[in-house]
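Residues in the sequence shown are numbered from 152 upward in steps of one, following my numbering.
Where is the CB? At the ideal position from N, CA and C, for every residue including glycine.
All figures in this text were calculated on a predicted structure; none of them were measured in a lab.
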Amino acid sequence: SCCLCCDRCIEKPNSCANILLIVERPVANWTLNPAFPPIYKRIFFVDAHCTIMSSSQIFKLGLFWACLTVLLFVFNMSLSTALLGLFAIYLVTGGWRFMKVVIITLPRDLQALKILITIMWRVRRNITQSKTVTRIFAETVQKYPNKAMMLYKDELWTFSQAYQYSNRVANFLHEEGYRKGDVVAIFTENCPEYVPLWLGMSKIGVIAALINFNLRDMALVHCIQASKAKALIFASSLTDALKMVRPQLPSNTVYYCLDQVGSSDCPSVNLSQRINQYPDYEPPAVDGKCTDALFYVYTSGTTGLPKAAVISNIRYCYMAYGVELFFGLKPEDVNYIPLPLYHTAGGILGTGQAVLKGSTLAIRNKFSASQFWADCVKYNATSAQYIGEICRYLLAQPPRPEEQQHLVRVMFGNGIKPQIWPQFQQRFGIKLVGEFYGATEGNCNIVNFENKIGAVGFTTMIAPFLYPITLVKVDPATNEVVRDADGVCVLAKPGEPGELVGKIVKGNPVREFDGYLDSSASSKKVITDVFRKGDQAFSTGDILVMDECGYMFFRDRTGDTFRWRGENVSTNEVEAVISNAIGLNDAIVYGVEVPGNEGKAGMAAIVDEQGQVDVNKLGECLARSLPSYARPLFIRFIPVADTTGTFKLSKTKLRDEGFNVNEIQDPMFFLNPKSRLYEPLTEAVYKDIQAMSIRL
Numbered sequence: 152s153c154c155l156c157c158d159r160c161i162e163k164p165n166s167c168a169n170i171l172l173i174v175e176r177p178v179a180n181w182t183l184n185p186a187f188p189p190i191y192k193r194i195f196f197v198d199a200h201c202t203i204m205s206s207s208q209i210f211k212l213g214l215f216w217a218c219l220t221v222l223l224f225v226f227n228m229s230l231s232t233a234l235l236g237l238f239a240i241y242l243v244t245g246g247w248r249f250m251k252v253v254i255i256t257l258p259r260d261l262q263a264l265k266i267l268i269t270i271m272w273r274v275r276r277n278i279t280q281s282k283t284v285t286r287i288f289a290e291t292v293q294k295y296p297n298k299a300m301m302l303y304k305d306e307l308w309t310f311s312q313a314y315q316y317s318n319r320v321a322n323f324l325h326e327e328g329y330r331k332g333d334v335v336a337i338f339t340e341n342c343p344e345y346v347p348l349w350l351g352m353s354k355i356g357v358i359a360a361l362i363n364f365n366l367r368d369m370a371l372v373h374c375i376q377a378s379k380a381k382a383l384i385f386a387s388s389l390t391d392a393l394k395m396v397r398p399q400l401p402s403n404t405v406y407y408c409l410d411q412v413g414s415s416d417c418p419s420v421n422l423s424q425r426i427n428q429y430p431d432y433e434p435p436a437v438d439g440k441c442t443d444a445l446f447y448v449y450t451s452g453t454t455g456l457p458k459a460a461v462i463s464n465i466r467y468c469y470m471a472y473g474v475e476l477f478f479g480l481k482p483e484d485v486n487y488i489p490l491p492l493y494h495t496a497g498g499i500l501g502t503g504q505a506v507l508k509g510s511t512l513a514i515r516n517k518f519s520a521s522q523f524w525a526d527c528v529k530y531n532a533t534s535a536q537y538i539g540e541i542c543r544y545l546l547a548q549p550p551r552p553e554e555q556q557h558l559v560r561v562m563f564g565n566g567i568k569p570q571i572w573p574q575f576q577q578r579f580g581i582k583l584v585g586e587f588y589g590a591t592e593g594n595c596n597i598v599n600f601e602n603k604i605g606a607v608g609f610t611t612m613i614a615p616f617l618y619p620i621t622l623v624k625v626d627p628a629t630n631e632v633v634r635d636a637d638g639v640c641v642l643a644k645p646g647e648p649g650e651l652v653g654k655i656v657k658g659n660p661v662r663e664f665d666g667y668l669d670s671s672a673s674s675k676k677v678i679t680d681v682f683r684k685g686d687q688a689f690s691t692g693d694i695l696v697m698d699e700c701g702y703m704f705f706r707d708r709t710g711d712t713f714r715w716r717g718e719n720v721s722t723n724e725v726e727a728v729i730s731n732a733i734g735l736n737d738a739i740v741y742g743v744e745v746p747g748n749e750g751k752a753g754m755a756a757i758v759d760e761q762g763q764v765d766v767n768k769l770g771e772c773l774a775r776s777l778p779s780y781a782r783p784l785f786i787r788f789i790p791v792a793d794t795t796g797t798f799k800l801s802k803t804k805l806r807d808e809g810f811n812v813n814e815i816q817d818p819m820f821f822l823n824p825k826s827r828l829y830e831p832l833t834e835a836v837y838k839d840i841q842a843m844s845i846r847l
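Here it is in structure tokens:
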């Protein structure tokens, strides 16, 4: 680095208080050499490669300055008149486009800014006053001691009952020897005890690992082992699943059965019986901080084994606050949660409304499309949650009276397809569908609170620095971000697909990246030199498209988009077309390699248990609705689709199997290039494709 000083500084070093350091390759966390003269009060670090304005912007600014000069001194205009004239020139030369965006989006952005400031104020207050989730919950209980906190089947738990139960859990575990930093896994379906269990653990500093109750075999072993759990709390209904993997778990693991004593070949402690023997007074105090881990939430596992994301007290709060404020949720609301409580949507965004603000939760052990609206009527729900394919499952149900008898005014979640969004709102009479986007562990949380069809959220185009997220170009062949000559990421323009990334700002609770329990997995989600040299950003791995007003639309997962005939194919879009064509059944689209061809050919796995799909009619529909390069060349009919616990379709196994007739017993068809019809994929045809006798 070099130090540029003015002449006064050189002549009289003690008289200058400013130093400008121009650094060619800056690094994070600069520290000043203690030997540096203390007289210099302010030091400015400037990245030599940080371009504040592009050359074209500088040129345009120079032209405007010249125009202003001419208007002032040649035409002798007053300053106000000259500025008005300059503004007119700006509009005529293309500035009208930006002004149009300002007029359209300013009310939206101001409302979002107000909410963002409120969230930041609440979070900062919590940090300053050391208000952890359990301490905020104690305040909520004082406000609403006898109010219903949880409704489950025919059970009703008040806030006081839940609080007392959490105290008994804390006292019991403390007596058992568990201390701050220990991990206890929870492996059970949704039940009233679920939230008080992890609240009680948190009171003594124990971290809960929320295990997906759908997991089996190696995936279950992996999640328990990855958390380093000393104990496991499980439901008796999951005894068989646990029994199969118990020999592979550490021998010193302690097992607690939540609702009864485990079987003889899976011995365990009866947790409910033991807890009831303990007092419900406050447990021993623990020096808890807002930055402490509250629990671990696992990723869905669509791209491999689930990873444990660290959910701190801060993260839990600001995510729940965001949903509350953007979607207008109140303490008077009854929120229906048919989603698993082990995941972000139900376990944070849903439960947070009760824990932090005093809303009532109506929970169900497992999602049921046929009982969804009946439950909403039964519990007088005013808000409800969805995720993944749930909205499509509800639309596929036959009409029933409860659809129009419910009181639900808002449904919020993520994953509703734009093709069914208007139909869903119209049929079920939902005033607001609040779509949001946000990775469990990430810092790229965006929301759509305006019923903007198809949008998962937005970012401001007026002042993007206020919330530094953006889309960066990705090479579809390598899935690597595209960089310019200086190594900085190239930003995607409106209308161009790009990967969503969010700038990481240390010390800012909304911009932090808490990461995974596995530090190596965390490092893979961080990319550098995004907005400028030396910075860091969280990589979502999702491809989105942004319009000129800043609304963002989900396109695909990185790696799910494939390239065929020189064109990028979005599996998400093709899946939506197929699903609509076959009566809203599951359809999974992915790319497969074909000998002699560059890129990957499209293949669709369609759920058709009864064999009712007409392949010819499907082909006609795809020909009408999709460009030729996006039409699947292979179709496979499967009896059932593998889904994650959060209702996302899993395609890893299907992609690995490809279209190999020697390994697949399901009926398969290929798009004959001559007849342009889907015809059976026989062993002879498969061999011809492999030998490149049939060129697709």
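- By alpha-carbon distance to proline 434, the top candidate from Arg275, His325, Val292 and Leu546 is His325.
- Here phenylalanine 215 is near leucine 237, since their CB atoms are less than 8 Å apart.
- Phe609 is the residue among Glu760, Phe609, Leu456 and Arg787 whose C-alpha sits nearest the C-alpha of arginine 259.
- In this structure, the beta-carbon distance from asparagine 363 to tyrosine 447 does not fall below 8 Å.
- Annotation for glycine 809: Val743 place their beta carbon closer than 6 Å to its own, counting only its chain and skipping 5 residues before and after.
- Taking a cut-off of 8 Å on C-beta distances, the region 273 to 292 does not touch the region 639 to 659, as fewer than three cross pairs fall below it.
- Looking at Gln411, Asp431 and Ala525, the one whose alpha-carbon comes closest to that of leucine 422 is Gln411.
- Taking the C-beta atoms as reference points, alanine 313 is found no nearer than 8 Å to valine 335.
- DSSP, read as helix, strand or coil, puts glutamate 814 in coil.
- The beta-carbon distance between threonine 533 and methionine 300, rounded to whole angstroms, is 16 Å. This is too long to meet the 8 Å contact definition.
- Relative to the Cα of asparagine 464, the nearest Cα in the group Leu456, Lys458, Gly473 and Leu445 belongs to Leu445.
- Judged by DSSP in its simplified three-state form, glutamine 536 adopts strand.
- Judged by pairs of C-beta atoms under 8 Å, the region 580 to 595 touches the region 560 to 569, as three or more such pairs exist.
- Contact annotation: tyrosine 329 and valine 357 have beta-carbon atoms nearer than 8 Å.
- Counted as a single uninterrupted DSSP element, the stretch harbouring phenylalanine 788 is not any alpha helix (DSSP H) but the beta strand (DSSP E) occupying residues 785 to 789.
- Per the C-alpha coordinates, the member of Asn630, Asp693 and Pro619 positioned closest to arginine 662 is Pro619.
- Note that the region 369 to 382 does not touch the region 502 to 510; fewer than 3 beta-carbon pairs, one per stretch, sit closer than 8 Å.
- With a cutoff of 8 Å on beta-carbon distance, threonine 591 and threonine 495 are scored as near each other.
- Around the beta-carbon of valine 243, fewer than 16 other beta-carbon atoms lie within 10 Å, marking it exposed.
- Secondary structure of serine 690 (DSSP, three-state): strand.
- For lysine 654, the enclosing beta strand (DSSP E) begins and ends at 648 to 654.
- Listed in chain order, the non-local C-beta contacts of tyrosine 429 below 6 Å within the same chain comprise Arg319, Asn322 and Phe323, local neighbours out to five positions each way being set aside.
- Looking at the DSSP output, proline 831 sits in a beta bridge with Phe820.
- Straight across, the Cα-Cα distance linking isoleucine 541 with lysine 354 is about 34 Å.
- By alpha-carbon distance to tyrosine 469, the top candidate from Ile337, Arg275, Ala359 and Thr803 is Arg275.
- If you check the CB distance, valine 652 and valine 623 come in under 8 Å.
- By the Cβ test, the region 718 to 732 is in contact with the region 748 to 758, since at least three Cβ pairs between them sit closer than 8 Å.
- Nearest C-alpha to leucine 500 among Glu553, Asp637 and Phe587: Phe587.
- In terms of Cα proximity to proline 783, the closest of Ile739, Val681, Gly747 and Lys804 is Ile739.
- Closest option to cysteine 441, judged by alpha-carbon separation, among Gln424, Ile462, Asp431 and Pro457: Ile462.
- DSSP, read as helix, strand or coil, puts glutamate 724 in helix.
- For aspartate 526, no beta strand (DSSP E) segment is defined; the enclosing uninterrupted segment is the alpha helix (DSSP H) at 523 to 529.
- The continuous alpha helix (DSSP H) containing alanine 672 extends over residues 670 to 675.
- Aspartate 626 carries a strand assignment under DSSP once its states are collapsed to helix, strand and coil.
- Aspartate 416 is classed as exposed because its beta carbon has fewer than 16 other beta carbons within 10 Å across all chains shown.
- In terms of CA proximity to valine 681, Glu631 leads the group Glu631, Tyr667 and Val720.
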